[in-house]
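Going by this note's numbering, the first residue of the sequence shown is number 1, and it counts up by one from there.
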Amino acid sequence: MTSSLIPFPDTITTPRLVLRAPRAQDAKAINDAIRESFASLHQWMLWAREIPTLHETEEFARENASRYRRREDFPILLWERETDLLVGASGLHPRDWSVPSFEIGYWVRSSREGQGFVTETVEALTRAAFEHLHAERIVIRCDARNVRSARVAERAGYTLEATLRRDARAPDGHLRDTLQFVRLAGE
Ligand SMILES: CC(C)(COP(=O)(O)OP(=O)(O)OC[C@H]1O[C@@H](n2cnc3c(N)ncnc32)[C@H](O)[C@@H]1OP(=O)(O)O)[C@@H](O)C(=O)NCCC(=O)NCCS
């Protein structure tokens, strides 16, 4: 399958959010959200070792815009419809087009945690993956200690299928167990 031919929408609208690919001009908003949320991101996300410079965030946004345009990957920003605030980021990441299977990741800015925005996003991306990409399998993986993340997967209807013991190094250097949640087409 040639990924550039895949008809995945540019924008997905949910009751409270607009979900769309990053653009270079979003860099300031993304960088501000990362700064606000750094303590939490640093705890759980390997990429958040240091606060990125604005230039690095611009590069990230440009690169991800281009990957989305080519339908190689579906990095997503969450924008609050009521305020236009950047609420967080997510992504629907192709893992095996021959299945097809995907993985969803996410983070939310600290001031918008605990309001259901991430669950709303995961539900919408899950629907879009089944509808537009004919996904057979979507996984969400998180550190077994990341209770908030596991709760998102459960709320969005994912089922715990495995605990992968000593699966990876957490950002703090400790070996982590990984919870693997899954949703299958038709479930
Ligand atoms: C993991 C993370 C994304 C979870 O964020 P979250 O805000 O708890 O998730 P949601 O946006 O789905 O919000 C759910 C919470 O809002 C509450 N809520 C309020 N209004 C809601 C609504 N309309 N719909 C659903 N939930 C709502 C829920 O009860 C829930 O609270 P609870 O967990 O205390 O029961 C966030 O903690 C984070 O960004 N952590 C750092 C990065 C990270 O760990 N990413 C995941 C790596 S695997």
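Beta carbons are placed, not taken as given, at the ideal position from N, Cα and C, and that holds for glycine.
Remember, predicted model here, so these are calculated numbers, not experimental data.
The three-state reading of DSSP puts Thr-121 in helix, counting H, G and I together. Take Leu-19, set aside five residues on each side of it, and the residues of its chain with a beta-carbon closer than 8 Å to its own are Thr-11, Ile-12, Thr-13, Ile-76, Leu-77, Leu-78, Trp-79, Ser-90, Thr-121, Ala-124 and Leu-125, in chain order. When the Cα atoms are used, Asp-143 and Ala-156 turn out to be separated by approximately 17 Å. By the CB criterion at 8 Å, Ala-135 and Ser-101 fall inside the cutoff.
Contact between the stretch 20-32 and the stretch 54-61 is present: three or more C-beta pairs spanning the two stretches fall below 8 Å. DSSP places Phe-102 inside the beta strand (DSSP E), whose first and last residues are 101-108. The alpha-carbon of Arg-166 is positioned some 30 Å away from that of Glu-72. Apart from sequence neighbours up to five positions away, the residues of its chain that approach Arg-35 with a beta-carbon distance below 7 Å are Ile-51, ordered along the chain.
Taking the C-beta atoms as reference points, Thr-159 is found no nearer than 8 Å to Leu-179.
Between Arg-81 and Arg-16, the C-beta gap is smaller than 8 Å, which places the two residues in contact. Thr-14: not part of any beta strand (DSSP E); DSSP gives it neither H nor E. Note on geometry: alpha-carbon atoms of Arg-49 and Val-139 lie some 24 Å from one another. Judged by DSSP secondary structure, Arg-148 falls within the alpha helix (DSSP H) whose first and last residues are 147-155.
DSSP places His-93 outside any alpha helix (DSSP H); the residue lies instead in the beta strand (DSSP E), whose first and last residues are 86-96.
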